[in-house]
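Residue numbers (the UniProt record's numbering): 1 to 309. Inspection log for the structure reproduced underneath, given as structure tokens.
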Amino acid sequence: MNIDTRIKYRHLVCFLEMARQGSLARAADVLAVSQPAMSKTLKELEALLTVSLFVRRKSGISLTEAGVAFLRYATPSVQALREGVNALRGGEFSGGTVRLGVLSTVESLLIPELVQRLHARHSALVVSVVTGPSAYLLSQLRVGDIDLVVGRMTDSPDIQGMNFEHLYSESMTLVVRPGHPLTQAPLDRRLLERYPLVLPLANTTIRTFADSLFVQCGLTQSRQRLETLSITVSRRYVLRNDAVWIAPLDAVRLDLASGELQELDLGLREPGGSIGICSNAHAPMSVATQGCVEVLRELGQAYCASTYP
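This is the structure in structure tokens:
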């Protein structure tokens, strides 16, 4: 079946923005068009496709099953067209842009090294980094707002329909400030309950591994807890008091090496989750994104061979 030539670029752009915003009004604001014009464009597209793309509710709009299916093809189509135009405008040797969604597990060690290596090889490359929980980043990947998501996310239900490539496994560890009372004598695990605990946010992939470590040790978590995905907040909080931080090893590896933080020896380590790259199976990768994936693979191999960090 030939593509209906009445389907225009504006139809696709409006559809993608409505899917992204979950609201016709917000999508209209972003695209700087009126709500009636946005509604008319949607009706035109639905008439041309002979399906309903959205369900209208008081709280906003959500994709129908047909809308989800169409999104898989509309996203890469618009993205490919934009990249083609940008390539012509930027010239053959333009470095391009790679947009990364980065989870907290890798933002402090892996990503700075990734960017350094990319910039050493490409004189004109923009690396745009967005951080946040896996559900948010994967939703942005799904609609084409970012090119890759890097981190620990295999247990997230939002990864369904995406491509995931394993790089390496990373364990969790317990760390405290130097001079913490728990470091003054052989560790008595039961004493951990007396101190505030720093944990990843509930219902996140990394929290599952953090909780697993306590279960394996037969420990009850402290009732005083700070829950956050921010490495900066966690680190500063732990350095200021007697809190115990259950952290991804990569996030504290440099602090442990420098003596800024001290590891508590539980006698075991949670085996760790899979750190990897998630990409949209329905979106073609730009040259810049392919180059980023190559460097990530190099770092993953170096990690497994213990030559990095």
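From the three backbone atoms N, C-alpha and C, an ideal C-beta is built for every residue, glycine too. Keep in mind it's a predicted model, so treat the numbers as computed, not measured.
By the CB criterion at 8 Å, Ser128 and Asp158 fall outside the cutoff. Bounds of any beta strand (DSSP E) do not take in Pro133, whose DSSP letter is neither H nor E. Bounds of the beta strand (DSSP E) holding Ile246 are 244–248. Annotated as distal: Gln35 and Leu53, with beta-carbon spacing of 8 Å or more. Residue state for Tyr195 is assigned as coil, using DSSP reduced to three classes.
Annotation: Lys43 to Glu294 spans about 43 Å, alpha carbon to alpha carbon. Taking C-beta separations shorter than 8 Å and ignoring five residues to either side along the sequence, the partners of Gly144 in its chain run Leu16, Thr75, Pro76, Val78, Gln79, Asn280, Ala283, following chain order.
In this structure, the beta-carbon distance from Leu137 to Gly101 falls below 8 Å. DSSP lists Ile275 as the beta-bridge partner residues of Tyr168. Taking all protein chains shown into account, Pro248 has 16 or more neighbouring C-beta atoms within 10 Å of its C-beta and is therefore buried. The way I'd put it, the segment 195–214 doesn't touch the segment 61–69; fewer than three beta-carbon pairs between them come closer than 8 Å. By the Cβ-count criterion, Arg99 is buried, with 16 or more other Cβ atoms from all chains shown falling within 10 Å of its own Cβ. Runs of the beta strand (DSSP E) lying entirely within the segment 7–59 and spanning at least 3 residues, in chain order: 54–57. Between Glu170 and Leu299, the C-beta gap is not smaller than 8 Å, which leaves the two residues out of contact. The segment 237–244 and the segment 191–204 touch, with no fewer than 3 CB-CB distances between them shorter than 8 Å.
For Gly300, the enclosing alpha helix (DSSP H) has its first and last residue at 287–304.
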